[in-house]
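Student:
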Amino acid sequence: MAKRGKRYLNLLKKYDILKEYTLKEAVEIVKSLNSAKFEETVELSIKTNLDPTKADQIIRGAVVLPYGRGKKVRVLAIVRDIEKEKEAKEAGADYVGFSEYLEKIKEGWLEFDAVVATPDVMPELGKLGKILGPRGLMPSPKTGTVTNEIRQVVSELKKGRIEYKLDKSANLHLPVGKASFPSEHLYENILAVFEEIIKNKPPGAKGSFIKSAHISLTMSPSIKISLNDIFKTIKERTK
10 MAKRGKRYLN LLKKYDILKE YTLKEAVEIV KSLNSAKFEE TVELSIKTNL
60 DPTKADQIIR GAVVLPYGRG KKVRVLAIVR DIEKEKEAKE AGADYVGFSE
110 YLEKIKEGWL EFDAVVATPD VMPELGKLGK ILGPRGLMPS PKTGTVTNEI
160 RQVVSELKKG RIEYKLDKSA NLHLPVGKAS FPSEHLYENI LAVFEEIIKN
210 KPPGAKGSFI KSAHISLTMS PSIKISLNDI FKTIKERTK
């Protein structure tokens with residue numbers, strides 16, 4: 010076990026690490042742990058009982074956080090149709106174009122956080138997979154970033170659309186806001202993630218595929234969330 014510093018150990022005294030908390034309680038606790046010298050991100054970790062080696066148990070998608078993630082997202086739109094170019098610019102894309110940006114990326118330019126592209130440009134853009142893929146920047150139909158709905162997707166990305174994908178340990182990790190966010194904003198962002206993931210249950214998943222969930226700050230210990238509280242809240246909202 011890694012040796013923990015004094016600050017971290019003091020944070021552990023603020024709550025019971027073995028207890029499950031309602032989402033509202035967990036949000037209040039995580040905000041109280043904010044003590045780093047920079048603005049910490051609130052991170053949600055979800056452990057599943059899915060098998061990442063089976064195609065019908067992979068979960069991947071995107072969710073628009075109602076209150077954003079607290080980070081300015083630089084969006085690159087790769088399009089060659091004049092109308093799509095206009096849509097991307099009107100929706101707030103930071104960079105819009107085709108061949109000139111493919112060349113810039115080949116030369117090492119990566120000053121963007123998300124890429125959206127129309128299907129017709131993918132044969133050319135796909136050639137940059139070795140550059141964009143490892144950085145999680147390659148557009149994909151599965152996450153909705155290869156689309157003809159350029160205006161909508163660019164707008165969502167600018168507002169706080171985040172992607173999620175099951176890792177090799179069958180976990181999901183997502184940023185859901187900043188420690189400075191009002192409690193209600195964090196609460197709604199986290200609920201939105203759960204609603205999306207539950208709705209996107211893989212066909213091969215059996216029963217309740219979510220085993221546990223925790224929230225934490227970038228530099229803090231984690232707080233366990235009561236799944237019963239989450240499921241109950243979502244059920245009441247969908248009545």
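Take any residue in the sequence shown, count from 1 to its spot, add 9: that is its number in this note's numbering. Think of the CB as a built atom: it goes at the ideal place given N, C-alpha and C, for glycine as much as any other residue. Bear in mind the structure is a predicted one, so any value in this text is a computation, not a measurement.
Compare the Cα-Cα distances from serine 178 to each of Lys151, Leu119, Thr57, Gly169 and report the closest residue.
Tutor: Among Lys151, Leu119, Thr57, Gly169, the Cα nearest to that of serine 178 belongs to Thr57.
Student: Look at the Cβ atom of threonine 9, then the Cβ atom of threonine 227, and state whether they are nearer than 8 Å.
Tutor: There is simply no residue 9 to check, as the chain begins at 10 and stops at 248 in what is shown.
Student: DSSP state of proline 184, grouped into three classes?
Tutor: Proline 184: strand per DSSP, three-state reduction.
Student: Mark serine 222 as exposed unless 16 or more other C-beta atoms lie within 10 angstroms of its C-beta, in which case mark it buried.
Tutor: Note on identity: in this sequence residue 222 is alanine, with serine being the wrong assignment. Alanine 222 should be labelled buried.
Student: In angstroms with no decimal places, state the Cα-to-Cα distance between phenylalanine 47 and alanine 201.
Tutor: Each residue's alpha carbon lies about 26 Å from the other.
Student: Compute the beta-carbon to beta-carbon distance between leucine 269 and leucine 53, rounded to the nearest angstrom, for a pair I have assumed lies under 8 Å.
Tutor: No statement about residue 269 is possible, as the shown extent of the chain runs from 10 to 248 and does not include it.
Student: So what does glutamate 204 bridge to, in DSSP terms?
Tutor: Answer by DSSP bridge pairing: none, since glutamate 204 is not bridged.
Student: On the DSSP bridge list, what partners appear for histidine 223?
Tutor: Paired residue(s): Ser54, Lys233.
Student: Identify which residue in Phe203, Glu116, Gly216 has its Cα closest to the Cα of isoleucine 234.
Tutor: Among Phe203, Glu116, Gly216, the Cα nearest to that of isoleucine 234 belongs to Phe203.
Student: Which stretch, first to last residue, makes up the alpha helix (DSSP H) that contains lysine 174?
Tutor: First-last for lysine 174: 170-174, but that is the beta strand (DSSP E), not the alpha helix (DSSP H).
Student: At what residues does the beta strand (DSSP E) containing glycine 70 begin and finish?
Tutor: Per DSSP, glycine 70 belongs to the beta strand (DSSP E) from 69-73.
Student: In whole angstroms, give me the CA-to-CA distance for asparagine 198 and leucine 74.
Tutor: About 5 Å.
Student: Given that a residue counts as buried once 16 or more other Cβ atoms are within 10 Å of its Cβ, and exposed if not, what is proline 148?
Tutor: It is buried - the Cβ of proline 148 has at least 16 other Cβ atoms within 10 Å.
Student: Would you mind stating whether threonine 85 and phenylalanine 121 have Cβ atoms separated by less than 8 Å?
Tutor: In the sequence as presented, threonine is not what sits at residue 85; that position holds leucine. The answer is yes: Cβ separation under 8 Å.
Student: Keeping to the same chain, check which residues put their C-beta closer than 8 Å to that of glycine 145; ignore five residues upstream and five downstream.
Tutor: Answer for glycine 145: Glu172, listed in chain order.
Student: When DSSP labels each residue in this structure, what does leucine 42 get in the three-state scheme?
Tutor: Leucine 42 falls in the coil class under three-state DSSP.
Student: Where are the alpha helix (DSSP H) runs, 4 residues long or more, that stay fully inside the segment 77-118, in chain order?
Tutor: Listed in chain order, they are 91-100, 108-115.
Student: Helix, strand or coil, according to DSSP, for alanine 179 in the structure here?
Tutor: Residue state, collapsed to three classes: coil.
Student: Apart from the five residues on each side of it in sequence, which residues of its chain come closer than 8 Å, Cβ to Cβ, to glycine 104?
Tutor: Note that residue 104 is tyrosine in the sequence shown here, rather than glycine. These residues qualify, in order along the chain: Arg83, Val84, Leu85, Ala86, Tyr110, Phe121.
Student: Sort Lys241, Leu42, Thr152, Glu165 by Cα distance to arginine 78 and report the nearest one.
Tutor: Comparing Cα-Cα distances from arginine 78 to each of Lys241, Leu42, Thr152, Glu165, the minimum goes to Glu165.
Student: With the cut-off set at 8 Å, would you say glutamate 116 and isoleucine 159 are in Cβ contact?
Tutor: Result no, Cβ atoms of glutamate 116 and isoleucine 159 do not sit closer than 8 Å.
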